[in-house]
Structures are given as C-alpha cells and as structure tokens.
Amino acid sequence: QYTFPPTYAPTFPPTDTPTTPMPTPALTFPPTNTPTIPMLTLAPTTQCDGVFPNGVEKVLLNEGFESSRGSAWGGATTEEYTPGASGAKALAMKYSVNPGGMLPAIRLSVNHKNKCIRGGMELGVSFKVKLLNMTDNDSPVDCIPGVDCPSGRFRARQPDFCNGWYALPRSIVSWNKYEFNEVSSLFTVPVSCEITNWNWFLLDITMGKGYQADTVKMIVDDVKVMIDEGQYTFPPTLAPIMLTDSPTSGQTTTPTTQCDGLFPNNAEKVILNEAFESQKGTTYGKAKTVLESPGASGEKAVAMTISKRNRRPSAIRIKISTGKVNACVQGGTQLNISFQAKMLDTANNNSPVDCTPGTDCPTARFRIRNKDPSSGKALCNGWYHIPKPTTAWNKDEYNTISTVWTVPSKCKVAPWRFIYIDITQGKYYEENNVKLMVDDLKISIKED
C-alpha cells in the first residue's frame, strides 16, 4: 500500500551515502544486557560444589507448589489451584488493580545464590503455565508466543555492582491454551554482577502482558532454576522464528501465526504511530526535547534543540515495541517510514530554515541490536540509516519525510534486544541555533 512521494531534483547532488551500515563503536550497555558471547562461568568449587557434591545437577529452585504458595509482587495475590501440571496442586495468580509498567508477578527466592551465582553464569529456567478467563467461567486464554505469553524476569541486587529487573528471553514455542505449556529459556546473569554476595536474587513469573484487573488468572507449576553446565536443551521453536534473508523480489514476509495475530483481518501492520500529543520520547546525544504547539495535524509536536555538538548527530529517539518487532520484523523486512518535520532558527525569532532535499534535510536512522537465541552471538548491532529523502522542502510548512527502509539481511532472527528510531536535523548546526519540529511519526510493515 505504500506510495512513493514525488521526488524533487536537488540543487546540489546528494553526498555519498554509505551502502553499508556505519561502523559500530565500542558500546557500553546497561546492566540488563547479556554478553555478546555467552560465557560459562564455573561455580566456586569450595562453595557451590560443596552444596552439590559428586557432580550432581545444580538445581537452585525446584518448586511444585504442593505445600508452598511463594509470594507475590505488584499487587498480585496467589492461591492454591487443583489439579497441577504434574501433581495435585499448582499456584494461581491474579490481581485486582490494573497493572502499571512493571507487570505483577509470582515471586520466588532462588536458593544458594551467595554460593553459586555470579555474573556470566548461565541459568536454565523452566516452568509450566496456562491462562484462564475469570469473566467466562475460567475458559482458556490464548496468547502469541514470543510476544505476550507468560514469561519471567529476575529481580537481582548486589551491593555496588548490579541492581535491577532482568528479563528472561521470550521463548517462541507453541501455545496450547487448553493445557499447561512449558516455558523454558537460558538466562545469562549480567556480567556486571561480579561477586557472589547477593542482597537478593528473585524469580518473577508474569502473565506476559497487562490484562484488565480481575479478568485473567495465571496457573503456574513445576518451576525449576538450575546452573547450566552444558546440559540445557533449547525447546523446539516455531518455524516462523527462523528467518531468512531478504527475498530478491523485495516482498516482505512476516511470521503469520505471530504478526497476523497482532493485526487480524488484514489490518495495516503499524508497529509505531506517535503523534506526540502527550509524550516527547527520549533523546540521543546532547539534545533536549519539549512538546510545543501547534503540531502538524494535532495540538502538539515534539521540538528538539541541541546544546552541544555530538560525535554522531543528536536525535529525537523513540523506542519501538519489542513485542511487535519480535513478531513482525526480520532481516529483509521492508518498513514504511514517515514523519512531518520543519526547522526553526532560534537565533532569529524562530524564522523558518531551508535545506537541500537529499543532502541535508531532516532524516532518520535506526539503532538496533539482536542476537541468535541459540548461539547468543550478535547478528546486528549498530546504527542503520534510512535513505535520505529527496522530496521537496517548503521551509514555511511541515514537510512529509517518507521512505522505505529494508532491515539488514544479517538480522536474521528474533528476539530483538532493542530497536529505536532516531530523527535528526540532517546536518550539524551551531549549538542552540536550530530547532527541529517533528510530528506524526509512523512505521508500518510494507506488504506490497
């Protein structure tokens, strides 16, 4: 459905644009990241092997809920449920207040954490789970594997080293809403957690997405956390998750059972639609954003100014939902990208600023990272620029910046660690002299 805009013959020939992604500098990632190459860190022999002698499997948590209800976090409550997946009982969790940004959870403490767990170690995590609709006589609830099915996270803290929530990789496995489903993943303890002195190391099991209060109940059983010493076997994945290079025809192929489940009835697959009426995004580089009026089509737009020149152009940064990206975006996928933009000279009473299409008008780039879930190796990690738009620029109005960008073919598989779009001024201006106004940002999957 994408229609290319009419092009404008630029006054100056476009500058050379690299045909390959820009070199990626050494990056420092927040503690939620796992190492680029998984590292197997042997447990301290005198401590952990003393707890698990004679080479026995180092199981740190094995909970069947026959006599325990664990605890809950984030306004959740738990109760016994029968029958369990493999025994007489399981644990049911529900909540009566709509969740915020951090999902309510069943919370379980992991044993022997001070003796056996440290940064870089890999933990095999598994549990059995199903969802029930409390408003419909506990009828079974479906979900999209890898997107919004039940998942987990660790709440971990070490003095002076690491402190946060660390999500488990989402397993893309089949989901049978009528049965208990096994969720299994391999988690790498953040390398910033350098010691074995933990304030706490807790496993949270969540519904995978926020449901309305008092509508859905999660049933969990057979929770197991163990130190992986090479015995972990990855669960079989759904065929759509192993993605291929871009088809030569340019046709976008999306995982039918996942992406089409998010956008039923042939709806346009919009993975980002931001009008900046209430949020201004974040920034990259020495930039600042505020909401200003009027917008291109609504009351507000986001305005960016730059206080100091950055090595890489400063930008308005918007995060794209990894749930939609994991389901719909792969190497070779083509994305329709459009936004409204204009520039104002703040040193001259916000007078309009001109530019040369295809050369130095506002543009965008993607900051992305994903890895192969089976090997842990990074597939793509860097900044990837969209083609520079060559449509006409009217300095007195908002201008539509519109193009198609193809995801690098080497980004072959989900899950995505992150995907951001950065919108830049298109060239360097004197500090605090030019304001970039942006509105109506939209990204969708190109299917024709």
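Taking the working numbering, the leading residue of the sequence shown gets 3, the next gets one more, and so forth. Yeah, the Cβ is synthetic: ideal placement off N, Cα and C, and Gly gets one too.
Item to check | Closest by C-alpha distance to alanine 78, when choosing among Asn56, Ile207, Val58 and Leu63 | outcome: Cα-wise, what sits closest to alanine 78 is Ile207.
Next on the checklist: Please list the terminal residues of the continuous beta strand (DSSP E) segment that includes valine 61.
Outcome noted: Run containing valine 61: 61–65, per the beta strand (DSSP E) assignment.
Item to check | Inter-residue Cα distance where the pair is threonine 258 and glycine 325 | outcome: For threonine 258, the predicted model reports a pLDDT of 45, less than 50, meaning its position is unreliable and no value from the coordinates is stated.
Item to check | Secondary structure of leucine 264, DSSP reduced to three states | outcome: Helix at leucine 264.
Checklist entry - For aspartate 216, does the three-state DSSP call read helix, strand or coil? => result In the three-state DSSP reduction, aspartate 216 falls in the coil class, being neither helix nor strand.
Item to check | Contact set for lysine 282: own chain, Cβ-Cβ below 6 Å, skip 5 residues either direction | outcome: Here the set comprises Thr291, Leu293 and Val304.
Checklist entry - From alanine 380 to arginine 109, what does the alpha carbon distance come to, in whole angstroms? => result Rounded to whole angstroms, the gap between the alpha carbons of alanine 380 and arginine 109 is 31 Å.
Next on the checklist: Taking its Cβ as the centre, do 16 or more other Cβ atoms sit within 10 Å of proline 354, making it buried, or is it exposed?
Outcome noted: The residue in question, proline 354, is exposed, as its Cβ has fewer than 16 Cβ neighbours within 10 Å.
Item to check | Cβ-based neighbour list, asparagine 113, same chain, cut-off 7 Å, excluding 5 preceding and 5 following | outcome: Excluding the 5 residues flanking it on each side, asparagine 113 has same chain C-beta neighbours closer than 7 Å at Leu62 and Leu63, in chain order.
Checklist entry - For the region 150–157 against the region 81–98, are there 3 or more C-beta pairs whose distance is under 8 Å? => result Between the region 150–157 and the region 81–98, the count of Cβ pairs shorter than 8 Å is below three; the stretches do not touch.
Checklist entry - Under a Cβ-count criterion, where at least 16 other Cβ atoms within 10 Å of its own Cβ denotes burial, should arginine 369 be classed as buried or exposed? => result With 16 or more other Cβ atoms inside 10 Å of its own Cβ, arginine 369 counts as buried.
Item to check | Given glutamate 270 as reference, the closest of Trp75, Gly66, Glu449 and Arg71 once Cα atoms are compared | outcome: That would be Glu449, whose Cα lies nearest to the Cα of glutamate 270.
Next on the checklist: Taking the straight line between their C-alpha atoms, what separation do you get for asparagine 434 and leucine 133?
Outcome noted: Each residue's Cα considered, the two are about 53 Å apart.
Checklist entry - Just the Cα atoms here: how many angstroms apart are glycine 300 and lysine 344? => result The straight-line gap from Cα to Cα measures roughly 15 Å.
Item to check | Rounded separation between cysteine 413 and glycine 232 - CA only | outcome: Cα to Cα, cysteine 413 sits roughly 26 Å from glycine 232.
Next on the checklist: Looking only at its chain, what residues have a beta carbon closer than 7 Å to the beta carbon of alanine 215, apart from the 5 residues adjacent to it on each side?
Outcome noted: Counting only residues of its own chain and dropping the five nearest sequence neighbours on each side, alanine 215 has a CB closer than 7 Å to the CB of Tyr97, Ser98, Val99 and Asn100.
Checklist entry - What residue ranges within the region 136–173 form continuous beta strand (DSSP E) runs of no fewer than 3 residues, ordered along the chain? => result With a minimum length of 3 residues, the continuous beta strand (DSSP E) runs that stay inside the region 136–173 are 153–160 and 164–169.
Checklist entry - For the candidate residues Ile318, Gly384, Lys429 and Val193, whose alpha-carbon lies nearest to that of aspartate 441? => result Each of Ile318, Gly384, Lys429 and Val193 was checked against the Cα of aspartate 441, and the nearest Cα belongs to Ile318.
Checklist entry - Should tyrosine 431 go down as buried or exposed, given a rule of 16 or more other Cβ atoms within 10 Å for buried? => result Around the beta carbon of tyrosine 431, 16 or more other beta carbons sit within 10 angstroms, so the residue counts as buried.
Next on the checklist: Going by DSSP in three states, threonine 254 sits in which element: helix, strand or coil?
Outcome noted: Low confidence applies here, because threonine 254 scores a pLDDT of 40, under 50, leaving its location unreliable; read the following figure in that light. Here threonine 254 sits in coil by DSSP.
Checklist entry - Mapping DSSP to helix, strand and coil, what is aspartate 469? => result An answer regarding residue 469 cannot be provided, because it is not within the stretch 3 to 450 covered by the chain.
Next on the checklist: Could you tell me the alpha carbon to alpha carbon distance between asparagine 178 and proline 142, rounded to whole angstroms?
Outcome noted: Whole-angstrom Cα-Cα distance: 9 Å.
Checklist entry - Which residue spans inside the region 280–343 form an unbroken alpha helix (DSSP H) run of at least 4? => result As far as the region 280–343 is concerned, its whole alpha helix (DSSP H) runs of at least 4 residues are 324–330.
Checklist entry - With C-beta atoms as the reference, is lysine 115 less than 7 Å away from tryptophan 167? => result No, they are not a contact pair.
Checklist entry - Do you know offhand how far lysine 310's Cα is from arginine 159's? => result If you take the alpha carbons of lysine 310 and arginine 159, they lie about 35 Å apart.
Item to check | Sequence-distant residues of its chain with Cβ nearer than 7 Å to tyrosine 386 (five each side left out) | outcome: Only Pro23, Arg367, Phe368, Ile370 and Pro410 meet the Cβ criterion.
Checklist entry - What three-state label does DSSP hand cysteine 50 in the structure shown? => result The answer is helix: DSSP assigns cysteine 50 an H, G or I state.
Item to check | Cβ distance (whole Å) where lysine 437 is taken to contact methionine 306 below 8 Å | outcome: Separation of the CB atoms of lysine 437 and methionine 306 is rounded to 7 Å, and the pair is thereby assigned contact status at 8 Å.
Checklist entry - Straight-line CA distance for isoleucine 447 to glutamine 336? => result Using only the alpha carbons, I get a separation of about 6 Å.
Checklist entry - How would you label lysine 288, buried or exposed, when you count the other beta carbons within 10 angstroms and need 16 or more for buried? => result Its Cβ having fewer than 16 others within 10 Å, lysine 288 is exposed.
Next on the checklist: Suppose you measure from the CA of glutamine 332 to the CA of valine 406; what does that come to, to the nearest Å?
Outcome noted: Cα to Cα, the separation comes out at about 15 Å.
Item to check | Unbroken beta strand (DSSP E) run spanning asparagine 116, endpoints | outcome: For asparagine 116, there is no enclosing beta strand (DSSP E); the residue is part of the alpha helix (DSSP H) that begins and ends at 115–118.
Item to check | Alpha carbon of glycine 334 to alpha carbon of leucine 264, nearest angstrom | outcome: Spanning the two alpha carbons is a distance of roughly 20 Å.
Item to check | Residues near phenylalanine 163 in its chain [Cβ-Cβ closer than 7 Å; skip 5 each side] | outcome: If we look at phenylalanine 163 and ignore the five residues flanking it on each side, its Cβ neighbours are Ser194, Cys195, Glu196 and Ile197.
Next on the checklist: Assuming the contact rule is C-beta atoms closer than 8 Å, threonine 80 and threonine 137 should be a hit. Round their C-beta distance to whole Å, please.
Outcome noted: At roughly 20 Å, the Cβ-Cβ gap does not stay under 8 Å, so threonine 80 and threonine 137 are not in contact.
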